[in-house]
Structure formats: structure tokens, C-alpha cells
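Chemist: Please find one structure pasted underneath; my questions will follow.
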Amino acid sequence: MRMEAVLERPKYECLLFDLDDTLYPFSVGINLSCRKNIEDFMRHHLLIEESQIAKMCLDLYKEYGTTMAGLKALGYEFDNDEFHANVHGTSPYHNLRPDPVLRTLLLSIPQRKIVCEVPSFSIFLLKL
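The opening residue of the sequence shown carries number 26 in our numbering; numbering runs sequentially from there.
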């Protein structure tokens with residue numbers, strides 16, 4: 026009787042990674058920067074009372090998955106691209122540094138990998 030290895034195709038052909046708070050440490054400061062920028066947008070563009078913003082952000086995030094989705098669900102009207110430009114435009118992405126351990130880990134995964142900054146729909150191909 027001849028034994029042959031059964032090669033199974035991977036369940037997924039491609040893996041999509043959201044750059045924000047997924048592939049870099051919290052200490053880089055992008056999360057805090059985005060949170061501050063969301064609060065500023067709510068204050069200056071949507072004219073939401075400052076005393077309500079912090080709790081509102083948390084509640085909307087919990088209920089809708091993102092503060093932006095929650096604001097839209099509540100009927101706030103604003104341009105999505107303008108929101109993202111305000112929230113992500115001044116975030117400290119320049120603080121990101123190469124991570125050899127992460128690189129090795131990602132290279133060990135056989136599927137095609139796409140890393141994107143989902144909110145702005147800008148795709149960054151990971152250079153490995």
C-alpha cells in the first residue's frame with residue numbers, strides 16, 4: 026500500500042489586514058491620535074457639545090462598530106472622505122518602524138496578504 030500526502034488547499038486564498046491597531050503596537054500613538062481627531066471633528070464640524078463627546082464616542086463604537094457608523098446612523102450628515110482626512114490625516118504614521126518578527130510571521134503564512142488602512146480605502150501593499 027502506497028502512502029501519499031494529501032495536500033489540501035488553504036481555506037482562504039488571501040488575507041486582509043487592517044493596519045489600524047492590528048499590525049503595530051498601541052504605543053505608536055495612532056489610536057490616541059485618531060480618538061482625539063474624531064472628538065475634534067465632532068466638536069468643530071458637527072457642533073456636538075464637548076461634555077457629551079467622550080461618552081457618545083464610546084457608546085457609538087460599542088453599538089455600531091465605529092463612531093463614524095454611529096454618527097451616520099443617528100442622522101449626522103458629513104462627507105466620509107472629509108471625516109477620514111480629519112481623523113487620519115495628522116495621525117503619527119511616521120512612527121511606524123520595520124518589525125522583523127512581524128515580517129517573519131507574515132512571510133510564514135502561505136496566503137497572499139493585503140494590508141490596508143480600511144477607512145480611507147487606500148490600499149498599502151506590504152513590501153516583504
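Note that beta-carbon positions come from the ideal geometry of N, C-alpha and C, so glycine has one too.
On a predicted model such as this, the values are computed, not experimentally measured, just so you know.
Sort out for me which residues DSSP pairs residue 43 with in a bridge.
Modeler: DSSP output for residue 43 lists 141 as bridge partner(s).
Chemist: Identify, in the order they occur along the chain, each residue of the same chain with its Cβ nearer than 7 Å to the Cβ of residue 70, setting aside the five sequence neighbours on each side.
Modeler: These residues qualify, in order along the chain: 103.
Chemist: Can we say the region 105-116 touches the region 60-80, given the rule of at least three CB pairs closer than 8 Å?
Modeler: Yes, the region 105-116 touches the region 60-80.
Chemist: Hey, out of 116, 98 and 87, whose CA is closest to residue 60's CA?
Modeler: With distances taken between Cα atoms, residue 60 lies closest to 116.
Chemist: If contacts are defined as beta-carbon pairs under 8 Å, then residue 138 and residue 40 qualify, I think. What distance do you get, rounded to the angstrom?
Modeler: Correct: roughly 5 Å between the Cβ atoms.
Chemist: Could you check how far apart the C-beta atoms of residue 33 and residue 136 are, in whole angstroms? I think they sit under 8 Å.
Modeler: Actually they are not in contact, since the Cβ atoms of residue 33 and residue 136 sit about 13 Å apart, beyond 8 Å.
Chemist: Note down the Cα distance separating residue 54 from residue 120, rounded to an integer number of angstroms.
Modeler: Approximately 8 Å between the Cα atoms of the pair.
Chemist: Let's see if you can read the secondary structure: which residues bound the alpha helix (DSSP H) around residue 78?
Modeler: Element bounds for residue 78: 75-89.
Chemist: Could you check whether residue 83 and residue 96 sit closer than 8 Å to each other, using their CB atoms as the reference points?
Modeler: Result no, Cβ atoms of residue 96 and residue 83 do not sit closer than 8 Å.
Chemist: Given a cut-off of 8 Å, decide if residue 89 and residue 79 are closer than it, judged by their beta-carbon atoms.
Modeler: No, they are not a contact pair.
Chemist: Taking just the CA atoms, how far does residue 107 sit from residue 81?
Modeler: Distance between the alpha carbons of residue 81 and residue 107 is about 20 Å.
Chemist: Which of the three DSSP states is assigned to residue 154 in this structure?
Modeler: With the chain covering 26 to 153 only, the question about residue 154 has no answer from this structure.
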